[in-house]
Amino acid sequence: MNYRRLAVFQNTFFLSMILIVVLMLTLLTAIAAVLYLPTSIGEQPQSLFIDEMYYFADLPLSSFDYLQANFHQGGFIVPAYTRLGNLRGVGIIGSGTYDLSPEGTDFSDHGVLQELYIPMNEEKFAMLLLSTNTIEISNQNEILDTANQAAFNFEESHDFFNLVRSHAYSLIAKETDLYVNIRLFGYQRVFTPNDNVSMALLHTEQGEYLAYYENRTVSLKNITNNQSLLEITHPFLTDDYPHRFLLVYAYITLTLLLISSIIVVLLLTIDLEETKRFRKLHEQIHYSPWMMGIVLGLYFISQIVLYPNRLDEHWRYIITICLYLLIVFSFSKNRPERHFLGLSFHHWGHSISSALALGFFFQMLGSFNVPIRFSFGNIYEFLIMFAAAFIFQALISELIFRSLIQNMIERYSNTLIAIIATAGVVAASNWFANQFVHHMSSVEVLIQSFLIAPFGSVILSLLYIRTRSILASSLLATLLIILPRILVY
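Quick look at the structure:
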């Protein structure tokens, strides 16, 4: 009986059918979780649209406890709507001032405002319009007439109407920086608080973006340089943001998506078997631990030094080229060594097609939507973007994590331990970057570093093990970088 069961699982057709059934059940469960759970934790669409515009001569804002903002020289109120027509917030474009002096503290901050974004619902927006003398602007001539009557900072031109809209779109594009963001395969999921949590995004005359919050803490953060300026306990408010259910939701959905992704990788590579050939290479290949330490040390130090200090992009290219040269001359001197790294063209057609299919599959998983078209300038811009992402981001990281770290762990243990341990290394490196470089919130650090990053690492490791091609995993990593930029849903 056991032999019969084993024969069934060794049969490619029957194994594929079983995997497809499990995949469909898992995906249906994941879709149900994504559709019904986010309503309690404030997930919102990321695309916002401008349909109307209002001019005002004077606008004092009093919707915050400690932040005072005033636009006394005129400006424009630009509401931002979701695709379904729901108001998400308003951008205020003009010349104003702000002052922040929380009671009981020595902190004080004030300056000149160019723009201000405030999350707002329809009721609060209606009250704002009722309490302010506004003129609705519907065309370029009206905006020129109102601009001529006010001391306004924008230069008067025939493109004034489009200029205001452009400023509004630029401001609204930054509004997601106010919220908790989770990037799943490059697709950004935005989680907003309830209406009782007051927050604002200030664009100052110095070109800085300041994020202001009032929930359980009153905080001010310069998102331009990731610097925290103020954080004190609010004496009155008790609303919590982000919602405590966000972590549970992330665990549930990511677990389901991880199972689905593993099944898809197995289905796409079900007829490939590279383990035996790779085990033979273990006996032939012996790397210098000193060179291994130098390459890994240079890579991780570059990540620690480059990002925090925002060095010029040329340094990134120089260090990456140095890493390539070290890898070529130290670890790929002959054909067996190149095969051990995964620099081979075994099953190249199968590997490339699997990576392409997985790239688009993961984009649809991340957005739970089907892309309708591509959006990029021209074919040359696309090729340059693809080459830069492949050479200076995806390939070098895959050589480090898969070809060196994972292979080294697999040599002294087994495949499963190598996948898990490599995911742990990826999680640790992401935790450092997200905690100390990007200064994410604690929830974002936890989800992005210890859930999503290891999730992606497991999939890339599994694809690499099934194909033993670093080109396949690098192509998939490249697609995860560039597809969110060019796909339109």
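Numbering follows my numbering, in which position 20 of the sequence shown is assigned residue number 23; successive positions increment by one, without gaps.
Using N, Cα and C, we set each Cβ at its ideal position, and we do this for glycine too.
Treat the numbers as computed from the prediction; the structure is a model and nothing was measured.
Checklist entry - Mind checking Arg8: buried by the 16 CB within 10 Å criterion, or exposed? => result Low per-residue confidence applies at Arg8: pLDDT is 47, beneath 50, and the placement is therefore not dependable, though the value from the model is reported in the following sentence. Counting Cβ neighbours within 10 Å, Arg8 comes out exposed, since fewer than 16 surround it.
Checklist entry - So, Gln306 versus Ser432, is the Cβ gap smaller than 8 angstroms? => result Between Gln306 and Ser432, the C-beta gap is smaller than 8 angstroms, which places the two residues in contact.
Checklist entry - Taking Leu490 as the reference, which of Leu31, Tyr467 and Gly369 has the closest Cα? => result Comparing Cα positions, the closest option is Gly369.
Item to check | Whole-number beta carbon distance between Leu249 and Ala214, since they are thought to touch under 8 angstroms | outcome: With a beta-carbon spacing of about 18 angstroms, Ala214 and Leu249 fall beyond the 8 angstroms limit used to define contacts.
Next on the checklist: Just to confirm the assignment, what range does the beta strand (DSSP E) spanning Arg192 have?
Outcome noted: From DSSP, the beta strand (DSSP E) with Arg192 extends over Tyr190 to Phe194.
Next on the checklist: Beta-carbon within less than 7 angstroms of Gln287's beta-carbon, same chain only, minus the 5 sequence neighbours each way: which residues are those?
Outcome noted: Once the five neighbours on either side are set aside, the close Cβ partners of Gln287 are Pro339.
Checklist entry - Using the C-alpha atoms, what's the distance from Phe334 back to Ala426? => result Answer to the nearest angstrom: the Cα atoms are 23 angstroms apart.
Next on the checklist: Taking 8 angstroms as the threshold (C-beta atoms), are Ala171 and Leu119 in contact?
Outcome noted: If you check the CB distance, Leu119 and Ala171 do not come in under 8 angstroms.
Checklist entry - Are there 16 or more other CB atoms within 10 angstroms of the CB of Met27, so buried, or fewer, so exposed? => result The residue in question, Met27, is exposed, as its Cβ has fewer than 16 Cβ neighbours within 10 Å.
Item to check | Nearest-angstrom Cα separation, counted from Ser201 out to Lys224 | outcome: Distance between the alpha carbons of Lys224 and Ser201 is about 14 angstroms.
Next on the checklist: Please report the distance separating the alpha-carbon of Ile262 from that of Arg192.
Outcome noted: Cα to Cα, Ile262 sits roughly 20 angstroms from Arg192.
Item to check | Cβ shell of Trp434 (< 6 angstroms), same chain only, five flanking positions each side left out | outcome: These residues qualify, in order along the chain: Ser452.
Item to check | For Asn410, the first and last residue of its enclosing alpha helix (DSSP H) | outcome: For Asn410, the uninterrupted alpha helix (DSSP H) run begins and ends at Asn410 to Tyr415, by DSSP.
Checklist entry - Under three-state DSSP, which class holds Val200? => result Note: Val200 maps to coil in three-state DSSP.
Item to check | Where the alpha helix (DSSP H) containing Glu493 begins and where it ends | outcome: The chain is shown from 4 up to 492; residue 493 falls before or after that span and cannot be answered.
Checklist entry - Who are the Cβ neighbours of Gln209 in its own chain at under 8 angstroms, not counting the five residues just before and after it? => result If we look at Gln209 and ignore the five residues flanking it on each side, its Cβ neighbours are Gly114.
Item to check | Buried versus exposed, by CB contacts within 10 Å (16 or more), Asn229 | outcome: The residue is exposed, with fewer than 16 neighbouring Cβ atoms inside 10 Å.
Next on the checklist: Does His113 come out as helix, strand or coil in the three-state DSSP assignment?
Outcome noted: Here His113 sits in strand by DSSP.
Next on the checklist: Under 8 angstroms, Cβ to Cβ, is there at least one residue of chain E near Ala60?
Outcome noted: Chain labels in this structure do not include chain E; a single protein chain is all it has.
Item to check | Simplified DSSP state of Thr135, which is helix, strand or coil | outcome: The answer is coil: DSSP assigns Thr135 none of H, G, I, E or B.
Checklist entry - Going along the chain, which residues of its own chain have a beta-carbon closer than 7 angstroms to the beta-carbon of Phe281, five neighbours each way excluded? => result Within its own chain, the residues whose Cβ lies closer than 7 angstroms to the Cβ of Phe281, once the five positions on either side in sequence are excluded, are Arg471, listed in chain order.
Checklist entry - Anyone know if the C-beta pair for Tyr69 and Leu103 falls short of 8 angstroms? => result The Cβ-Cβ distance between Tyr69 and Leu103 falls below 8 angstroms.
Next on the checklist: Quick check: what's the CA-CA separation for Met123 versus Gly107?
Outcome noted: Those two C-alpha atoms are separated by around 28 angstroms.
Checklist entry - First and last residue of the beta strand (DSSP E) that includes Gly107? => result It is not in any beta strand (DSSP E) - Gly107 carries neither H nor E in the DSSP assignment.
Next on the checklist: Can you list, in chain order, the residues of its chain with a C-beta nearer than 6 angstroms to that of Thr493? Leave out the 5 residues immediately preceding and following it.
Outcome noted: Beyond the ends of the chain as shown, which are 4 and 492, falls residue 493; an answer cannot be given.
Checklist entry - How would you label Tyr212, buried or exposed, when you count the other beta carbons within 10 angstroms and need 16 or more for buried? => result Counting the other Cβ atoms within 10 Å of the Cβ of Tyr212 gives 16 or more, which makes it buried.
Item to check | Ala253 versus Ser19, Ala33, Thr29 and Val24, residue with shortest Cα-Cα distance | outcome: The shortest Cα separation from Ala253 among Ser19, Ala33, Thr29 and Val24 belongs to Ala33.
Checklist entry - Does the beta-carbon of Phe52 have 16 or more other beta-carbons within 10 angstroms, so that it is buried, or is it exposed? => result So Phe52 counts as exposed.
Checklist entry - Does the region 340-349 come close enough to the region 473-482 to have 3 or more Cβ pairs within less than 8 angstroms? => result The region 340-349, when compared against the region 473-482, does touch it at the 8 angstroms Cβ threshold.
Next on the checklist: Using the Cβ count rule (16 or more neighbours within 10 Å means buried), how would you classify Phe377?
Outcome noted: With fewer than 16 Cβ atoms within 10 Å of its Cβ, Phe377 is classed as exposed.
Next on the checklist: Assuming contact is defined by CB atoms lying nearer than 8 angstroms, are Ala424 and Ala456 in contact in what I supplied?
Outcome noted: With contacts defined as CB atoms closer than 8 angstroms, Ala424 and Ala456 fail to qualify as a contacting pair.
Checklist entry - Thinking C-alpha only, which one of Ile422, Val93 and Met20 is nearest Lys177? => result Here the closest residue by C-alpha is Val93.
Next on the checklist: Let me check one thing: in DSSP terms, what residues is Pro122 bridge-paired to?
Outcome noted: Gly92.
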